[in-house]
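Just so we're aligned, residue 594 is where the sequence shown starts under the numbering used here, counting upward by one.
Virtual Cβ for every residue (Gly too), placed ideally from N, Cα, C.
Being a predicted model, the structure only gives us computed values, none of them experimental.
Below: the structure, in structure tokens.
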Amino acid sequence: MSTPTLLAVFAHPDDEAFSVGGTLTHYARRGVRVVLACATRGEAGKITVPGMTVDDLGAQREQELRAACEALEIGPPVFLDYHDSGRYERTRHDDPKALMNVNPLDVEVKLRALIEDVQPQVIVTFDPHGGYGHVDHLQMHRATVAAFFSTGHLPYGGPQRLYYTALTTEAAQGLARMGQDLDPLVYGVAANTLAVQLDVSAYAANKKAALMAHGTQTGEQSLLGRMTPEERDAMERRMLGTEGFSIGGTRTALTNYPLGGLFDGLGFDGLN
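The following block contains the structure:
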């Protein structure tokens, strides 16, 4: 049987820390090979530290992601070498390598090659709303779903499960109360529909360290930096305690629901 392998596919440095950081550490400690693919280096991100200047934001954020991966106890990230599309006044409409301007089929081709090389049984990526609607997140969702369904012919059998990161409606309501323009009934899912809900509280220190590794994105002017102590405590209780996933695809029968973990039913004992 192949080495148990989890492939996480996201768009920017720091996407991994917010939604799946605890899960990545959880499985890495259980001997799973965890591979993080990041589509861009976050070149169009906003520096949130007052007075901080960076000559090459993409290079800076690449190093931040490498440090975050060390904090999460996983290997170095794999970059797909697209450019960050940005948001608002930073949107890169004229950059042909910006992810928003790239044909999703081209992204799928890169992901298919990565899947063939890495041979994951489990893939995790953004939900259909891209977490909070970022165009790059939506692009990676579409390309990853396509790659999952077009790699079943691979000799190793292809990935067996596809999961989406998922906010419960309650968690989305909490973000909305903190100023995020999210309709909880659109961006959240009912808790009783989650396929997997993992207790990641044992890895809270890893996840916090990974978040803080993204220093350009967690400064005083970031969402985290602008929170009151009460808001920050409430957010940390949600983020650092549990991580939830919806199921996007499967090539094996689901003998129980919800599942005990991402590898439940895939023939690897003791991974959940």
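For this session: For Arg-844, name the three-state secondary structure that DSSP assigns.
Result: coil
For this session: State the Cα-Cα distance for the pair Ala-632 and Pro-597, rounded to the nearest angstrom.
Result: 23 Å
Exercise. Which one or two residues does DSSP pair with His-727 in a beta bridge?
Worked result: In DSSP, His-727 forms no bridge with anything.
For this session: Could you check which residue in Asp-857, Ala-802, Val-625 and Glu-609 has the C-alpha nearest to that of Phe-719?
Result: With distances taken between Cα atoms, Phe-719 lies closest to Glu-609.
For this session: Select from Leu-747, Val-717, Leu-852 and Ser-743 the residue whose C-alpha is nearest the C-alpha of Met-733.
Result: Cα-wise, what sits closest to Met-733 is Val-717.
Exercise. Counting Cβ pairs closer than 8 Å, one from the region 803 to 810 and one from the region 652 to 660, do we hit at least three?
Worked result: yes
For this session: Report buried or exposed for Ser-612, applying the criterion of at least 16 other Cβ atoms within 10 angstroms of its Cβ.
Result: buried
For this session: Inspect the beta-carbon positions of Lys-703 and Leu-673 and report whether they are closer than 8 Å.
Result: With contacts defined by Cβ atoms closer than 8 Å, Lys-703 and Leu-673 form a contacting pair.
Exercise. Which one of Ile-840, Gln-753 and His-746 has the shortest CA to CA distance from Val-782?
Worked result: Ranking Ile-840, Gln-753 and His-746 by Cα distance to Val-782 puts Ile-840 first.
Problem set entry | Distance, Thr-843 Cα to Thr-761 Cα | It is roughly 22 Å from the alpha-carbon of Thr-761 to the alpha-carbon of Thr-843.
For this session: Give the DSSP bridge partners of Gln-790, in chain order.
Result: Gly-837
Problem set entry | Inter-residue CB distance, Leu-859 and Gln-656 (contact presumed, cutoff 8 Å) | Actually they are not in contact, since the Cβ atoms of Leu-859 and Gln-656 sit about 34 Å apart, beyond 8 Å.
Exercise. In its own chain, which residues sit with a C-beta less than 6 Å from the C-beta of Val-700, not counting the 5 before and 5 after it?
Worked result: Ala-736
Problem set entry | Exposed unless 16 or more other CB atoms sit within 10 angstroms - verdict on Val-647 | exposed
Problem set entry | For His-619 and Tyr-796, believed in contact at Cβ under 8 Å, the rounded distance | 6 Å
Problem set entry | Residues near Glu-709 in its chain [Cβ-Cβ closer than 8 Å; skip 5 each side] | Thr-744 and Leu-747
Exercise. Considering only residues of the same chain and omitting the five flanking positions on each side of Val-642, which have a CB-CB separation below 8 Å?
Worked result: Gly-808, Thr-809, Gly-812, Glu-813 and Gln-814
For this session: Select from Ala-664, Gly-837 and Val-602 the residue whose C-alpha is nearest the C-alpha of Ala-621.
Result: Ala-664
For this session: Using three-state DSSP, classify Phe-611 as helix, strand or coil.
Result: Reduced to three states, the DSSP call for Phe-611 is helix.
Exercise. If you draw a straight line from the C-alpha of Ala-765 to the C-alpha of Asp-776, how long is it?
Worked result: 8 Å
Problem set entry | Burial state of Arg-754, where buried means 16 or more other Cβ atoms lie within 10 Å | Buried: at least 16 other Cβ atoms inside 10 Å.
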